[in-house]
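Chemist: This structure is in structure tokens; I'll ask about it shortly.
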Amino acid sequence: MIALETHSAEETGGFGIIMGNLLQAGDVITLNGDLGAGKTCLAAGVARGLGITERVTSPTFTLINEYDGHLPLYHLDVYRLANPEELEDLGYEEYFYGSGVTVIEWARQVEQYLPDERLDIYIEKQTGDDNYRVLKLMPQGSRYNKLVKELIHHVCAGN
Ligand code: ADP
Ligand code: MG
Numbered sequence: 002m003i004a005l006e007t008h009s010a011e012e013t014g015g016f017g018i019i020m021g022n023l024l025q026a027g028d029v030i031t032l033n034g035d036l037g038a039g040k041t042c043l044a045a046g047v048a049r050g051l052g053i054t055e056r057v058t059s060p061t062f063t064l065i066n067e068y069d070g071h072l073p074l075y076h077l078d079v080y081r082l083a084n085p086e087e088l089e090d091l092g093y094e095e096y097f098y099g100s101g102v103t104v105i106e107w108a109r110q111v112e113q114y115l116p117d118e119r120l121d122i123y124i125e126k127q128t129g130d131d132n133y134r135v136l137k138l139m140p141q142g143s144r145y146n147k148l149v150k151e152l153i154h155h156v157c158a159g160n
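Start counting the sequence shown at 2; every next residue gets the next number (this note's numbering).
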């Protein structure tokens, strides 16, 4: 597990941009954390990094938003699913095992459908500072171990 700190929404978005630059077809990123943690903020950064210029909005009510960048981006938010099985109606396999990048908010709610190999990110707030977040990166599988190494390298290099 690797933990990163951010001190503003811009910084979290900037981390998302770096990540978006490094993502490949088929990558799956899960975002977990309370309401207002910064999941959508991070997803919007990923979209920028993938060259998407469209405004990225929360898919809380739509469940999924698709964008066209260097790769397709599937931005899911499963907060409002009454039960995980509803993901099947959404045709989730096309996203998780497709040729785009999947970013999924509240992913833990659909744990049983997630691919074994993925990057899990937990965003934690702390009482006292509204702008401070800890991003915990937990890669599952060799592709994501490598991705996290590259991410850290770019974050440290300041680009
Ligand atoms: P979520 O999708 O997890 O519910 P959002 O990304 O929609 O959260 O909202 C995060 C809110 O927290 C935004 O209003 C953002 O400006 C604010 N914020 C403050 N500090 C940070 C930070 N370090 N990282 C991300 N968001 C932050
Ligand atoms: Mg959100």
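The C-beta atom is built at its ideal place from N, Cα and C for all residues, glycine as well.
Taking only the alpha-carbon atoms, compute the straight-line gap between Arg144 and Asn132 and give it to the nearest angstrom.
Modeler: Reading the sequence shown from its first residue, position 143 is the one you call residue 144. Reading the sequence shown from its first residue, position 131 is the one you call residue 132. Each residue's alpha carbon lies about 31 angstroms from the other.
Chemist: Tell me whether Glu125 counts as near the ligand ADP, meaning its Cβ is closer than 8 angstroms to at least one heavy atom of that ligand.
Modeler: As a working note, residue 125 is residue 124 in the sequence shown. False, no ligand heavy atom lies under 8 angstroms from that Cβ.
Chemist: State the CB to CB distance for the pair Leu74 and Val29, rounded to an integer number of angstroms; the pair is presumed to be in contact (CB under 8 angstroms).
Modeler: Here residue 74 is taken as the residue at index 73 of the sequence shown, counted from 1. Here residue 29 is taken as the residue at index 28 of the sequence shown, counted from 1. Going by Cβ atoms, the distance from Leu74 to Val29 rounds to 12 angstroms, so no, they are not a contact pair.
Chemist: When you compare each of Gln141, Glu106 and Asp69 to Leu51 by their alpha carbons, which one comes out closest?
Modeler: The residue labelled residue 51 in the question sits at position 50 within the sequence shown. Taking only the C-alpha atoms, the option nearest Leu51 is Asp69.
Chemist: Roughly how many angstroms lie between the CA atoms of Gly101 and Glu95, to the nearest whole one?
Modeler: The residue labelled residue 101 in the question sits at position 100 within the sequence shown. The residue labelled residue 95 in the question sits at position 94 within the sequence shown. Spanning the two alpha carbons is a distance of roughly 9 angstroms.
Chemist: Within the structure, which residues are defined as neighbours of the ligand MG by a Cβ-heavy atom distance below 7 angstroms, reported in chain order?
Modeler: One residue list follows from the rule of a beta carbon closer than 7 angstroms to any heavy atom of the ligand MG, given in chain order as Lys40, Thr41, Ser59, Thr61, Asp78 and Glu106.
Chemist: By Cβ distance, which residues of its chain are closer than 7 angstroms to Asn18, with the 5 residues on each side in sequence left out?
Modeler: Position 17 of the sequence shown, counting from 1, holds the residue named residue 18. Checking the displayed sequence, the identity of residue 18 turns out to be Ile instead of Asn. If we look at Ile18 and ignore the five residues flanking it on each side, its Cβ neighbours are Gly46, Arg49 and Gly50.
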